[in-house]
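For the record, the sequence lines run as chains G and S.
Numbered by my numbering, the letters in the first sequence go through residues -10 to 114 in order.
Numbered by my numbering, the letters in the second sequence go through residues 521 to 735 in order.
Virtual Cβ for every residue (Gly too), placed ideally from N, Cα, C.
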Amino acid sequence: MTQLDPDQFAPLVRHDNEPVFDELWQAEALGLAFSLAERGVFSPAEWSRTLGSEHRGLLGGGAADTTRTYYEAVVKAVERLLREKGPLTVDVVERRVSNWRQAYMNTPHGQPVRLEAAYYDESEK
Amino acid sequence: MSDDEHKSAGEVHHELHSHLPPEPGLRVKAMESLLIEKGMLDPDTVDAWVETYSEKIGPKCGARIVAKAWCDDAFKARLLENGTEAVKELDDAGWAVAHLKVIENTPDIHNMVVCTLCSCYPHAILGPPPNWYKMAAYRSRAVRDPRGVLDEFGMSLAEDIELLVWDSTSELRYLVLPERPEGTQGWDEERLASIVTRNSMIGTQRVLSPDEGAA
Chain G
-10 MTQLDPDQFA PLVRHDNEPV FDELWQAEAL GLAFSLAERG VFSPAEWSRT
40 LGSEHRGLLG GGAADTTRTY YEAVVKAVER LLREKGPLTV DVVERRVSNW
90 RQAYMNTPHG QPVRLEAAYY DESEK
Chain S
521 MSDDEHKSAG EVHHELHSHL PPEPGLRVKA MESLLIEKGM LDPDTVDAWV
571 ETYSEKIGPK CGARIVAKAW CDDAFKARLL ENGTEAVKEL DDAGWAVAHL
621 KVIENTPDIH NMVVCTLCSC YPHAILGPPP NWYKMAAYRS RAVRDPRGVL
671 DEFGMSLAED IELLVWDSTS ELRYLVLPER PEGTQGWDEE RLASIVTRNS
721 MIGTQRVLSP DEGAA
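Below is the structure:
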């Protein structure tokens, strides 16, 4: 359970009837987590524990109690589990994030973004 | 780029970067692409999930289950006995990843569901949870002051109605079976399903109205 003071929070009803996903990346983050759990890369219980821990960590660090913070915790939880389970290291993820950023920067608006647009480094495969 | 030659450098720069996802979005892309290369994820899996849960699986699936239970006493009995198995009788449930327990509201009892740990929820039959369900405000207050939370959602629960709060886990998830409202005698399942709201199946709404469509 969170140790946060419940009185500090904004009214819940304000958040009713909001769209399920504000942005595509939020849907993709949850989709990635569920797909990996479905495939058995981590168990539903591991997912639940890790997501709860990352969410509490962000809130405890001063992040606002918002949908955005929740989905940031989703991304952190997936990353942490993939590190703990071994398939991905911090360095490899960071390099790939940098490549995707560069690919977006190199691709004109409206065109599909492909990783190759970032001078993709084959050595990280 | 030749089409942009007449634009200022600032405008061009803005357009080039306007579709850059925020940092967490880039991290999702990075992990997804690495896992696909390693053969740990099929290329279409995440897109298929997003399409399914954005467009196909949602509260209407749960509403159909509730409506069927209202019309079919034998189905209702099976649903309350073993929700996981009973919902398989309907053909549109999503990916089942946990056991489902259906809890029935009565004139004397109101049920309300929360996940105090994270955001466990019956995705397979209600779609992704509403945003308030994921927030620390709800997860904390639903346990410490559940009647206050219900007040905030506009439902004042009479003192003599017992309030039960159920804590979802990754292994066991809950669906509230709301009471069938007066004035719906003779309605078919489809019409009944149209008045069952998402919040009534989580327990932040108690009374359904025959005059309103589903949220």
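Within the region 8 to 88 of chain G, note down every full alpha helix (DSSP H) run reaching 4 residues or more, in order along the chain. 13 to 27, 33 to 49 and 56 to 74
Could you tell me if N6(G) is buried or exposed, where buried requires 16 or more neighbouring beta carbons within 10 angstroms of its beta carbon? exposed
Count the other CB atoms, across all protein chains shown, that sit within 10 Å of the CB of V79(G); report buried if there are 16 or more and exposed otherwise. exposed
Based on the DSSP secondary-structure assignment, which residues constitute the bridge partners of H630(S)? The secondary-structure analysis by DSSP pairs H630(S) across a beta bridge with L683(S).
Per DSSP, cross-strand counterpart(s) of Y694(S): K621(S)
Which of helix, strand or coil does DSSP assign to T565(S)? Of the three classes helix, strand and coil, the one that applies to T565(S) here is helix, per DSSP.
Which same chain residues end up closer than 7 Å to S522(S) when comparing Cβ atoms and leaving out the 5 residues on each side of it in sequence? Note that S522(S) scores 44 on pLDDT, short of 50, meaning its location in the model is unreliable and no value can be drawn from it.
Does DSSP put W615(S) in a helix, in a strand, or in coil? At W615(S), the pLDDT of 48 sits below 50, so the modelled position is not reliable and the matter cannot be decided from this model.
Stretch pair the region 636 to 647 of chain S + the region 579 to 586 of chain S: three plus CB contacts closer than 8 Å: yes
Please determine if the region 688 to 707 of chain S and the region 583 to 593 of chain S are in contact, where contact requires at least 3 C-beta pairs separated by less than 8 Å. yes
Which one of E552(S), S660(S), A656(S) and N602(S) has the shortest CA to CA distance from V566(S)? E552(S)
Limits of the alpha helix (DSSP H) - the one that T604(S) falls within: Start and end: G603 to A606.
Once DSSP output is grouped into helix, strand and coil, what is the label at F673(S)? For F673(S), the secondary structure class from DSSP, reduced to helix, strand or coil, is coil.
If the criterion is Cβ atoms closer than 7 Å, does the pair V622(S) and W686(S) meet it? no
Relative to the C-alpha of I629(S), which candidate in P730(S), R726(S), K558(S) and E710(S) has its C-alpha closest? R726(S)
Does the distance from the C-beta atom of R115(G) to that of L554(S) stay below 7 Å? Since the displayed chain G opens at -10 and closes at 114, residue 115(G) lies outside it and no answer follows.
So G723(S) contacts chain G; which residues on that side make the cut at Cβ distance below 8 Å? Within 8 Å Cβ-Cβ: nothing; G723(S) doesn't reach chain G, min ~13 Å.
For the region 57 to 69 of chain G, enumerate the residues whose C-beta is nearer than 7 Å to any C-beta of chain S, in chain order. Y59, Y60, E61, V64, V67 and E68
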